[in-house]
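Okay, so here's the structure we're looking at.
Protein chains: 2
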Amino acid sequence: MVTQKNRDIRLKSRPVGLPTLDNFELVEGEIPHLGSGQILVRNLFMSVDPYMRGRMMDRKSYVPPFQIGEVLQGGAVGKVMVSNGNGEFAAGDYVLGMDGWREWFVSSGAGLQKVDPAIAPIQAYLGALGMPGLTAYAGLLRVGELKKTDRVFVSAASGAVGAVVCQIARNKGCEIVVGSAGTDEKCAYLTQELGCTAAINYRDCGDLGAALADAMPGGVDVYFDNVGGSHLTAALDNMNTFGRIVACGMIEIYNATEPPRGPYNLANIVGRSLTMRGFIVLNHLDMLPAFQRDMGEWIAAGKMTWRETILDGIERAPEALIGLFKGDNFGKMLVKLAEENGG
Amino acid sequence: MVTQKNRDIRLKSRPVGLPTLDNFELVEGEIPHLGSGQILVRNLFMSVDPYMRGRMMDRKSYVPPFQIGEVLQGGAVGKVMVSNGNGEFAAGDYVLGMDGWREWFVSSGAGLQKVDPAIAPIQAYLGALGMPGLTAYAGLLRVGELKKTDRVFVSAASGAVGAVVCQIARNKGCEIVVGSAGTDEKCAYLTQELGCTAAINYRDCGDLGAALADAMPGGVDVYFDNVGGSHLTAALDNMNTFGRIVACGMIEIYNATEPPRGPYNLANIVGRSLTMRGFIVLNHLDMLPAFQRDMGEWIAAGKMTWRETILDGIERAPEALIGLFKGDNFGKMLVKLAEENGG
């Protein structure tokens, strides 16, 4: 039945600055042998996420670095094509795990979870219903301690995480929710579809701090930071006393080739009694049940939407990852590896 | 009875960079008229504190800026020389308030509180038993959420706030408490008298981050930041996952004449799930009873000590303030304005 080859993407060299296609290698090989008790999975969608840039560097971090010559890793949803006596997974099941960057894999099932295609298209489990969505949920509600009286600013607000943050803030009753994005089209999406009260195109707004002050004359109580750098500086200048900065990511500096310049106004953290708190979603998995319940309700009520940018074929995965840092994605960036029937 | 003149210090011009004596003006005048129901107070000690540098700038902050030509303000302890029918204060009472930078003042008593010279020398109410002490207490225990298993790093550790932080950490059971200071003599004081397990002379240690790694091979769980700048950068490189940075002050950058460079490694806040939280002691006055109870017990048990650097005469107050930024003080910097008998 399985006569195809398997293809995967490996780290060929460590990038300096923005990754290039040369840093990746597409390798063709055999589909791995299916042992007793194992399942053979055909990946259908894989995720590319900004945090992967950090794993391409050889440094100590909360996840070990990718190794040169080895297959990359990342979120993926696939379909079980064959179950060789596995007690948990049967052929036809859809599974979510960290076995991206390859077309096929075999597994004992450890680390995989079933996902239900009846609730949402399966690729949503890599986006709004998956880690990016939980990142938004845990970050805003637990790390940011959101109150409905808060005025909220979200950077990269049309992205996989930011778009969910905007909608959760609105769904929780926040009246002022402002997002930033890099095109007028994305900004229109923020105000017209995500419920933002204003949007800032950071690429043509002039001084970002002044633009933020214009958009939020009452100041910022919660800043959900996906960007760092100039966005963080602008936010620090507009934070209200006792404001909270949810430090989710700093995509602006991930490709820095020299030590990035930190915000000149960090002392505002003292003078305005601010809290800046970083987090990793893996430490908040206990919120999954509440997240899934709330998201289910919001989706059913038409109060949660998302967009995807999908590139076709594993050979385009490096391009997809690189595109994240250029803002090529509109919403969640995905790579489609096969049709739903596994073909 | 009162035949003396009154002298006060006024802001003559706003400093650029480190304040100079030219920024201050000593003015001699009459002792103010004592109205009905008022008290006449002779200040005995006044405090100079790093936060005063911020108030010399014309900018919005948590306290309004000092105005050119007006008498400066700050903590002071004085003695009531005459009470003209004031129901609360009698001649001979010692009072603490914010009427520093002047030798005499009259008051209705509003904003003043009595202090007890039997518990400690009255100037201690400007230091370990006053705002600096409460800053240490609230910052470490509430803002920093100290646990006895924490490894603690304190910058400016021999200063008015830092010295109390070190001792509270030790008194609360922390086994690893490391402080930084600017002379070998101060470092010896940290380890020999304040209970620090190690001390770093930041002026001659070479790379501060490396020195901190040597002093705290298990990393830093709580960093009490009085300095900002290079100290904050060094701490960020040594923080443990879920570590907390208590942002109390950033004296290194208070005199910056151009926008200071923020830490290049601020992204560690994300990757290591750090919390950096600023605070102003005025928002934690509810902790005063607990603070006074604990400090009383620690002092009685010989587990709380402090040092003072005292300059004599109001004319030296500008020099005292400037000296803070050069590390001239060993412990709390004070200016003595009169003898305890008011003479």
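Protein chains in written order, with the working numbering: chain Y, 22 to 364; chain F, 22 to 364. All C-beta atoms, glycine included, are put in the ideal place defined by N, C-alpha and C.
Using 10 angstroms around the beta-carbon of residue i, count the other beta-carbons present and answer buried if the total reaches 16, otherwise exposed.
{"i": "Y:Phe263", "result": "exposed"}
{"i": "F:Val37", "result": "exposed"}
{"i": "F:Tyr273", "result": "The question names Tyr, yet the displayed sequence has Glu at residue 273 of chain F. Looking at its Cβ environment, which holds 16 or more other Cβ atoms inside 10 Å, F:Glu273 is buried."}
{"i": "Y:Pro153", "result": "buried"}
{"i": "F:Gln188", "result": "buried"}
{"i": "Y:Gly108", "result": "exposed"}
{"i": "F:Asn64", "result": "buried"}
{"i": "F:His54", "result": "exposed"}
{"i": "Y:Val48", "result": "exposed"}
{"i": "Y:Glu51", "result": "exposed"}
{"i": "F:Asn362", "result": "exposed"}
{"i": "F:Gly250", "result": "buried"}
{"i": "F:Leu42", "result": "exposed"}
{"i": "Y:Pro238", "result": "exposed"}
{"i": "Y:Arg74", "result": "buried"}
{"i": "Y:Met22", "result": "With a pLDDT of 47 at Y:Met22, under the threshold of 50, the modelled position of this residue cannot be trusted, and the question is left open."}
Along the alpha helix (DSSP H) that carries residue i, what are the first and last residues, could you check?
{"i": "F:Glu340", "result": "338-345"}
{"i": "F:Glu166", "result": "Neither: F:Glu166 is in no alpha helix (DSSP H) and is coded neither H nor E."}
{"i": "F:Phe312", "result": "309-321"}
{"i": "Y:Leu147", "result": "Careful: Y:Leu147 lies outside any alpha helix (DSSP H) and carries neither H nor E."}
{"i": "Y:Val291", "result": "289-292"}
{"i": "Y:Tyr158", "result": "152-158"}
By the three-class DSSP mapping on this structure, what secondary structure does residue i have?
{"i": "F:Ile301", "result": "coil"}
{"i": "Y:Asn362", "result": "coil"}
{"i": "Y:Lys207", "result": "helix"}
{"i": "Y:Ala277", "result": "coil"}
{"i": "Y:Ile335", "result": "helix"}
{"i": "Y:Val186", "result": "helix"}
{"i": "Y:Val92", "result": "strand"}
{"i": "F:Met73", "result": "helix"}
{"i": "F:Asp120", "result": "strand"}
{"i": "F:Thr326", "result": "coil"}
{"i": "Y:Thr254", "result": "helix"}
{"i": "Y:Thr41", "result": "coil"}
{"i": "Y:Gly230", "result": "helix"}
{"i": "F:Gly283", "result": "strand"}
Does residue i get closer than 9 Å to chain Y when you measure Cβ to Cβ?
{"i": "F:Val5", "result": "Coverage of chain F is limited to positions 22 through 364, which leaves residue 5 of chain F absent and any answer about it impossible."}
{"i": "F:Leu345", "result": "no"}
{"i": "F:Leu167", "result": "no"}
{"i": "F:Leu39", "result": "no"}
{"i": "F:Tyr262", "result": "A small correction: the amino acid at residue 262 of chain F is Thr; Tyr does not occupy that position in the sequence shown. Chain Y, which has a Cβ nearer than 9 Å to the Cβ of F:Thr262, makes this yes."}
Please report the residue range of the beta strand (DSSP E) in which residue i lies.
{"i": "F:Glu49", "result": "45-50"}
{"i": "Y:Tyr244", "result": "241-246"}
{"i": "Y:Phe110", "result": "No beta strand (DSSP E) holds Y:Phe110; DSSP gives it neither H nor E."}
{"i": "F:Ser128", "result": "125-128"}
{"i": "Y:Arg28", "result": "27-32"}
{"i": "F:Phe66", "result": "60-68"}
{"i": "Y:Gly200", "result": "197-202"}
{"i": "Y:Met354", "result": "353-357"}
{"i": "Y:Ile6", "result": "Residue 6 of chain Y lies beyond the residue range present for chain Y, which begins at 22 and ends at 364; the question has no answer from this structure."}
{"i": "Y:Val175", "result": "172-175"}
{"i": "F:Met102", "result": "97-104"}
{"i": "Y:Asn222", "result": "219-222"}
Listing by chain order, which chain F residues have their CB less than 8 Å from the CB of residue i?
{"i": "Y:Thr296", "result": "Thr296, Met297, Arg298, Gly299"}
{"i": "Y:Met271", "result": "Leu287, Ala288, Val291"}
Beta-carbon of residue i versus every beta-carbon of chain F: anything under 9 Å?
{"i": "Y:Ala268", "result": "yes"}
{"i": "Y:Ala231", "result": "no"}
{"i": "Y:Gly75", "result": "yes"}
{"i": "Y:Thr156", "result": "no"}
{"i": "Y:Leu309", "result": "no"}
{"i": "Y:Leu253", "result": "yes"}
By the criterion of Cβ-Cβ separation under 7 Å, what are the contact partners of residue i in chain Y?
{"i": "F:Asn304", "result": "Ser294"}
{"i": "F:Ser82", "result": "Gly292"}
{"i": "F:Pro280", "result": "Tyr285"}
Cβ of residue i within 8 Å of any heavy atom in the ligand PLP?
{"i": "F:Val69", "result": "Looking for the ligand PLP in the displayed structure turns up nothing, as the structure carries no ligands at all."}
Identify the contact partners of residue i in chain F, using a Cβ-Cβ distance below 7 Å as the criterion.
{"i": "Y:Ile274", "result": "Ala288"}
What does residue i touch in chain Y if you count any residue whose Cβ is under 9 Å from its own?
{"i": "F:Gly132", "result": "Correct list: empty, because the minimum Cβ distance to chain Y is about 22 Å."}
{"i": "F:Gly249", "result": "Leu287, Ala288, Val291"}
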